[in-house]
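Chemist: Here the working numbering runs 69 ahead of the position in the sequence shown, where the first position is 1.
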Amino acid sequence: MTKSALQIARAAYQPKLPKALKGAVKAVAGAATQSVADQEAIQKLFPNTYGMPLIKFEATDEVVNFPAMNVGVILSGGQAPGGHNVVSGIFDGIKNLNKDSKLYGFILGPGGLVDHNYMELTSDIIDEYRNTGGFDIIGSGRTKLEKEDQFEKGLEILKQLDIKALVIIGGDDSNTNACVLAEYYAAKKCGVQVIGCPKTIDGDLKNEMIETSFGFDTACKVYSEVIGNIQRDCNSARKYWHFIKLMGRSASHIALECALQVQPNVCIVSEEVEAKDMSLDDVVTYIAQVVANRAAQGNNFGTVLIPEGLIEFIPAMKRLIAELNDFLAANAEEFSQIKKSHQRDYIIRKLSPENSAIYASLPEGVARQLTLDRDPHGNVQVSLIETEKLLSEMVATKLAAWKEEGKFVGKFASQHHFFGYEGRCAAPSNYDADYCYSLGYTAASLIANGKTGYMSSVRNTTAPADQWIAGGVPITMMMNMERRHGEMKPVIQKALVKLDGAPFKAFAAQRDQWAITTDYVYPGPIQYFGPTEVCDQPTKTLQLEQAK
């Protein structure tokens, strides 16, 4: 590959490690665990991997000779900055234990395991990808490992390559699949360990043992840079309101973190909207009032941050979407015969009065998005809804009405942005480079200690890296039962923004001030070289959660 000057310089960066992982380590078992909910159901589904203890690694003087081992690795789901360093950490970890150990990468995600598509990852290959963004070393995919025939096909190639352990690097769904696979191989006594690593830029895979999912730090810094750039432009031209949608379908962690970094005029937090039972009109009125208040001071400009999944958190919209899903699934053929120009009126006539009124109030483009573009399960693809345009159109309509009533004296013009893919493959920040490398190294230690059904855990990460705590957490500990496609399934519980948590409280204490003043922060691009206060800071979220 042709390398940029930054890539060449970053290749020399040596990620920091917890002190406990730098020499010989021993695994110290903690208390037995149980799932966060539905304990009986989860234990019944995972009898071989349920209730295992927490693991913490400590330095030891004891010398252990580890046999060479072959390990497989899979990058699963959406990309997140730092994935290559997890792979590098696994590679260095197993080579440190025995130089004859080998690492195999399965190509394009879990499908590579099922289809026997793999490559050996040698030091030459690994060295090309250290401290780089993306998952392009082996690619990623979204194949779900759920069926017995997939497990068996995977087992064929694992046996053929004499692979004793498999590391699945992914989000909550991927790690749920890792747990199911670990249970299957344990039940059949296949001699294959399965370890997970916590990845997702959305930040919704975390708990008391997983401080953050990797990639969140880098992605939020990338988004905050471009939001800061927009805010500077906004404050220069002073004539536009910028509506900015950010990644985060299931939780608002990214929007909240970016708000803490850049201090916008408005940031909507989906979890708060749901908790307060706000309607779409309530959200629109809130934004419109901020616009009107700033206009009264002569400021006809501002920024609004919107989480990608907002629509699904508005209780009334959630009910509308549920009825639409059921109705269109039952009447798909009839609906397909209706002319496009008549589809909106057809839907309005067929829905219940409450949902019909909400649907009729939506801008035509958004209403169309709710009835077209369905996923393979027949559900609305909420991520395709242009929420930023929906809100700005509805705000414009409300402000026009207020102008006639004399409640709004300014001008309103909007610009729209969606920041998503821009952050997923960025070169990892120093924090993510270090954290990911430690996660991979920890995974190697879990494998060496014979563990399966565990997720790699690195904690205390607001402290200097040598004080980080490395270990493992049983994946079953994070699980509960949820309804998926009409059936109750075991899944890792998503971590939503806690309205009583320190990050949200810090935001809530300042947002009224940010709404009226122009107090933007311009973080600038991620810095990789320089003073630690510029280069090594973790997210505001993590600092507030750790009270540091």
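All C-beta atoms, glycine included, are put in the ideal place defined by N, C-alpha and C.
Excluding the 5 residues preceding and the 5 following Asn-518 in the sequence, name in chain order all residues of the same chain whose CB lies nearer than 8 Å to its CB.
Modeler: Ala-96, Ile-124
Chemist: Report the residue from Gly-540, Asn-400, Phe-477, Gly-284 whose alpha carbon sits nearest the alpha carbon of Tyr-500.
Modeler: Gly-284
Chemist: Between the Cα of Gly-489 and those of Lys-609, Ser-293, Asp-569, spot the shortest distance and give me the residue it belongs to.
Modeler: Of the candidates Lys-609, Ser-293, Asp-569, the one whose C-alpha sits nearest the C-alpha of Gly-489 is Ser-293.
Chemist: Once DSSP output is grouped into helix, strand and coil, what is the label at Asn-139?
Modeler: strand
Chemist: By alpha-carbon positions, which one of Gly-475, Glu-614, Ile-337, Ile-279 ends up nearest to Tyr-523?
Modeler: Checked all of Gly-475, Glu-614, Ile-337, Ile-279; the closest Cα to Tyr-523 is Ile-279.
Chemist: Just to confirm the assignment: which complete alpha helix (DSSP H) runs, minimum length 4, are found wholly within the region 343 to 414?
Modeler: 349 to 365, 379 to 382, 384 to 399, 401 to 406
Chemist: How long is the line joining the alpha carbons of Lys-520 and Pro-376, rounded to whole angstroms?
Modeler: Straight-line spacing of the CA atoms in Lys-520 and Pro-376 works out to 37 Å.
Chemist: Using CA atoms only, rank isn't needed, just tell me which of Thr-191, Leu-397, His-185, Ser-157 is closest to Cys-505.
Modeler: Ser-157
Chemist: Compare the Cα-Cα distances from Asp-169 to each of Val-140, Met-188, Leu-177 and report the closest residue.
Modeler: Val-140
Chemist: Can you tell which of Pro-84, Asp-205, Lys-88 has the C-alpha that lies nearest to the C-alpha of Gly-540?
Modeler: Considering only Pro-84, Asp-205, Lys-88, the residue with the shortest C-alpha distance to Gly-540 is Lys-88.
Chemist: How far does the alpha helix (DSSP H) with Ile-585 in it reach, from first residue to last?
Modeler: Ile-585 -> alpha helix (DSSP H) spans 571 to 585.
Chemist: Taking all protein chains shown into account, do 16 or more other C-beta atoms lie within 10 angstroms of the C-beta of Lys-85, making it buried, or fewer, making it exposed?
Modeler: buried
Chemist: Do Ile-595 and Lys-290 have their beta-carbon atoms positioned less than 8 Å apart in this structure?
Modeler: Yes.
Chemist: Can you tell me which of the three DSSP states Met-547 falls into?
Modeler: helix
Chemist: Under three-state DSSP, which class holds Glu-423?
Modeler: helix
Chemist: The alpha helix (DSSP H) spanning Pro-179 covers which residue range?
Modeler: 179 to 183
Chemist: Return the first residue and the last residue of the alpha helix (DSSP H) that Leu-439 is part of.
Modeler: 433 to 440
Chemist: Do Phe-115 and Glu-217 count as a contact pair if the criterion is CB distance below 8 Å?
Modeler: no
Chemist: Whole-angstrom Cβ separation of Leu-379 and Val-342, contact assumed at under 8 Å?
Modeler: The pair is a contact, with the Cβ atoms about 7 Å apart (cut-off 8 Å).
Chemist: Just list the residues that DSSP pairs Ile-232 with in beta bridges.
Modeler: Asn-139
Chemist: Answer yes if the region 325 to 344 comes into contact with the region 573 to 592, meaning at least three C-beta pairs across the two stretches below 8 Å, and no otherwise.
Modeler: yes
Chemist: Classify Pro-136 as buried or exposed, calling it buried when 16 or more other Cβ atoms lie within 10 Å of its own Cβ.
Modeler: exposed
Chemist: Whole-angstrom Cβ separation of Leu-274 and Cys-336, contact assumed at under 8 Å?
Modeler: Not a contact, Cβ separation roughly 22 Å.
Chemist: Start and end of the beta strand (DSSP E) containing Lys-95?
Modeler: 94 to 101
Chemist: Give the DSSP-derived three-state secondary structure of Val-590 in the structure shown.
Modeler: coil
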